[in-house]
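Taking the UniProt record's numbering, the leading residue of the sequence shown gets 1, the next gets one more, and so forth.
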Amino acid sequence: MGGLISGSLALLADAAHMLTDAAGVGLALLAAWFASRPATPERTFGYQRSEVLAAVVNALLLFGVAGFVLVEAVRRFTSPPEVATGLMLGVAVVGLVANTISLLVLRGGQQESLNVRGAYLEVLGDLLGSAAVIVAAIVIALTGYTQADPIASALIGLMILPRTWGLLREAVDVLLEATPRGVDLTQVRQHLLDTPGVIDAHDLHAWTITSGLPVLSVHVVVAQDVLADGGGGRVLDSLGVCLAGHFDVEHCTFQLEEPTHQGHEHAHHD
1 MGGLISGSLA LLADAAHMLT DAAGVGLALL AAWFASRPAT PERTFGYQRS
51 EVLAAVVNAL LLFGVAGFVL VEAVRRFTSP PEVATGLMLG VAVVGLVANT
101 ISLLVLRGGQ QESLNVRGAY LEVLGDLLGS AAVIVAAIVI ALTGYTQADP
151 IASALIGLMI LPRTWGLLRE AVDVLLEATP RGVDLTQVRQ HLLDTPGVID
201 AHDLHAWTIT SGLPVLSVHV VVAQDVLADG GGGRVLDSLG VCLAGHFDVE
251 HCTFQLEEPT HQGHEHAHHD
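Shown next, in the form of structure tokens:
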């Protein structure tokens, strides 16, 4: 409302961004509740990817806001309207205070959850946007340079884009079951092969269920004499300790195979 009354696109952009963030935070809370629901026979990992879906929705909303702001900023730069700087400044200061409080609340959990990180980044963008509006209001009040308003608006739009793209890319990587960042499968395979009794490893896959839950599965070929001697349990223990000590993987599934079993595999990946 303040943006419409004052005629400031920068304030309107900041308000639209904050409204999107409020919706994003609400969606994040709903997704977190869904993610906490227990697993079922139909959904064996539960609803943990609800948080990832919420992050995708948040990113798409932010792209929409950024696109609108940038297009409108270009239009207003050539013919900027009159701006009520007093109202513009007052509303921006209130927004700055509110965003600072929200940022402090979200800061603790933003490293643990992609969902919370998305909300944290949105609020951080709001805070920077409010600061840009304050600077623009002061410049207009002191110099009468009304183009400061669309310039601040464009800055807000440009601030939204990089972090939104990063959030969307990370969420899409999870949905496409890409190898988690920081996990080098070549090194993982070498560590597996260095385990006593292991002679080969194939069908090695690593992916992420949701933020903070990377998982791995692999077929491990174990020497015949080790298996015959009942050493499969020792090999499993060694593999688990090895991966836990060298890689950030929350859950591992190992399929132990005899050397002769590889001929029964329809296909395998090196």
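In this text, a Cβ means the ideal position worked out from N, Cα and C, and glycines have one as well.
| task | Could you tell me which residues DSSP pairs with Leu167 in its beta bridges? | result | Its beta-bridge partners do not exist; DSSP assigns none.
| query | Taking the C-alpha atoms as reference points, what is the distance between Gly129 and Arg107? | reply | 18 Å
| task | Spatial neighbours of Thr260 within its chain, please: CB distance less than 6 Å, with the 5 preceding and 5 following residues excluded, ordered by chain position. | result | none
| task | Could you give the DSSP three-state label for Val123: helix, strand or coil? | result | helix
| said: The beta strand (DSSP E) that contains Val198, what's its start and end? | reply: Val198 to Thr208
| query | Are Pro180 and Ala201 close, meaning C-beta to C-beta below 8 Å? | reply | no
| request: Find out if the Cβ-Cβ distance for the pair Val222, His251 is shorter than 8 Å. | output: no
| For Glu170, does the count of other Cβ atoms within 10 angstroms reach 16, so buried, or fall short, so exposed? | buried
| query | Run through DSSP, which three-state label would Val183 get? | reply | coil
| Hey, out of Ser50, Val65 and Leu19, whose CA is closest to Leu158's CA? | Val65 is the residue among Ser50, Val65 and Leu19 whose C-alpha sits nearest the C-alpha of Leu158.
| field | Assigned secondary structure, Glu51 (DSSP; H/G/I helix, E/B strand, else coil) | value | helix
| field | Within 8 Å, strictly: CB atoms of Val133 and Met88 | value | yes
| Using DSSP with H/G/I as helix, E/B as strand and the rest coil, what is Gln224? | DSSP places Gln224 in helix when its eight states are reduced to three.
| request: Quick one: grab the DSSP three-state call for Val139. | output: helix
| query | Taking the C-alpha atoms as reference points, what is the distance between Leu142 and Glu82? | reply | 14 Å
| field | 7 Å CB neighbourhood of Leu185 in its chain, flanking five on each side removed | value | If we look at Leu185 and ignore the five residues flanking it on each side, its Cβ neighbours are Thr179, Leu204 and Ala206.
| message | My output table needs one value for Tyr253: the three-state DSSP class, helix, strand or coil. | response | At residue 253 the sequence reads Thr, which differs from the Tyr that was named. Looking at Thr253 - three-state DSSP - the assignment turns out to be strand.
| field | DSSP-derived helix/strand/coil call for Pro38 | value | Pro38 falls in the coil class under three-state DSSP.
| query | According to DSSP, is Val57 helix, strand or coil? | reply | Taken through DSSP and simplified to helix, strand or coil, Val57 comes out as helix.
| field | Residue range of the unbroken alpha helix (DSSP H) whose run includes His246 | value | Gly232 to His246
| said: So, for Gly240: in the same chain, excluding its five sequence neighbours on each side, which residues have a beta-carbon less than 7 Å away from its beta-carbon? | reply: Cys252
| task | Out of Asp237, Asp248, Ile199 and His246, point me to the one whose CA is closest to Gln224's CA. | result | Ile199
| If you draw a straight line from the C-alpha of Val93 to the C-alpha of Asp237, how long is it? | Taking the straight line joining both Cα atoms gives about 58 Å.
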